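The sequence shown begins at 54 in the working numbering and counts up by one.
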Amino acid sequence: MKSWSPYVVLVVVAIALDQWIKQLVENGLAFQEKVDLLPFLALFRTYNTGIAFSMFSSFGDIGLVVIAVLVVAFVLYLATRTPAGHVVARIGFALIIGGALGNLIDRAVYGHVIDYILFHTPVWSFAVFNLADAFISIGAALVVFDELIGWRREARPQDPGN
Numbered sequence: 054m055k056s057w058s059p060y061v062v063l064v065v066v067a068i069a070l071d072q073w074i075k076q077l078v079e080n081g082l083a084f085q086e087k088v089d090l091l092p093f094l095a096l097f098r099t100y101n102t103g104i105a106f107s108m109f110s111s112f113g114d115i116g117l118v119v120i121a122v123l124v125v126a127f128v129l130y131l132a133t134r135t136p137a138g139h140v141v142a143r144i145g146f147a148l149i150i151g152g153a154l155g156n157l158i159d160r161a162v163y164g165h166v167i168d169y170i171l172f173h174t175p176v177w178s179f180a181v182f183n184l185a186d187a188f189i190s191i192g193a194a195l196v197v198f199d200e201l202i203g204w205r206r207e208a209r210p211q212d213p214g215n
C-alpha cells in the first residue's frame with residue numbers, strides 16, 4: 054500500500070484554503086451584496102443552513118453535523134478500499150473529504166455554511182456555493198472519471214496470445 058501522506062496533505066490544504074478564504078469573505082464582503090467580477094461571476098456572501106442547495110435544513114445543526122460525519126466516514130471507507138494505483142480516485146476522495154470537513158467546520162462553529170461564489174446571467178443564477186463545495190464536486194467527478202477509466206480497461210478484449 055502506497056503512503057497516504059500526500060492525500061492527507063491534500064485534505065489539510067483543502068480545509069486550510071477553504072477556511073482562509075471564508076475568513077476573508079466574512080471580514081471583507083458585505084452580507085448579501087453582489088460584487089460583480091465578470092459578467093457571469095460575482096461574489097455574494099450568504100449563509101446556507103442546509104446541505105447542498107439548502108437541502109435538509111429542517112434537520113437542524115446537530116442532524117446536519119451527524120450526516121456530514123457519516124458521509125466523511127463513508128468516503129474515507131471507500132478511499133481505504135481503493136487500490137494504490139487508482140491515484141485519480143484517491144485524489145478525488147481527498148478533495149471530497151477536505152471539502153466536507155471545511156463545510157463541517159463552518160456548521161460546527163457558526164451554525165451555517167458560508168457561501169460566496171455566484172454564477173449568473175441577467176435572467177438566471179446558479180445556487181451560491183463555496184470552495185469546499187467545488188472541492189466536493191471536483192472530487193466526485195475525479196472518482197467517477199477513475200471508475201470510467203477502470204471500466205474501459207476491463208472492457209477491452211484481451212489478446213488471445215497472452
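Heads up, the beta-carbon is just placed ideally off N, CA and C, and yes, glycines get one too. Computed from a prediction, not measured in an experiment: that's the story for all the values here.
Just so you know, the alpha carbons of residue 161 and residue 104 end up roughly 13 Å apart. Taken in chain order, the complete alpha helix (DSSP H) segments of 4 residues or longer contained in the segment 93-155 are 113-133.
A direct Cα-Cα distance of roughly 21 Å separates residue 137 from residue 67.
Secondary structure note for residue 77: its alpha helix (DSSP H) is the uninterrupted segment 58-81. When C-beta atoms of the segment 190-201 are compared with those of the segment 131-148, three or more pairs fall below 8 Å, so the two segments count as touching. Under DSSP, residue 173 shares a beta bridge with 178. Residue 148 is not a Cβ neighbour of residue 125, given a cutoff of 9 Å.
For residue 84, the beta-bridge partners assigned by DSSP are 98. Residues 184 of the same chain have their beta carbon placed closer than 6 Å to that of residue 74, with the five preceding and five following residues left out of the count. In this structure residue 163 is exposed. Its beta-carbon is surrounded by fewer than 16 other beta-carbon atoms within 10 angstroms.
Between the segment 165-176 and the segment 55-66, the count of Cβ pairs shorter than 8 Å is below three; the stretches do not touch.
Sixteen is the threshold: since fewer than 16 other Cβ atoms of the shown chains lie within 10 Å of the Cβ of residue 134, the residue is exposed. Taking all protein chains in view, the Cβ of residue 81 is surrounded by fewer than 16 other Cβ atoms within 10 Å, so the residue is classified as exposed.
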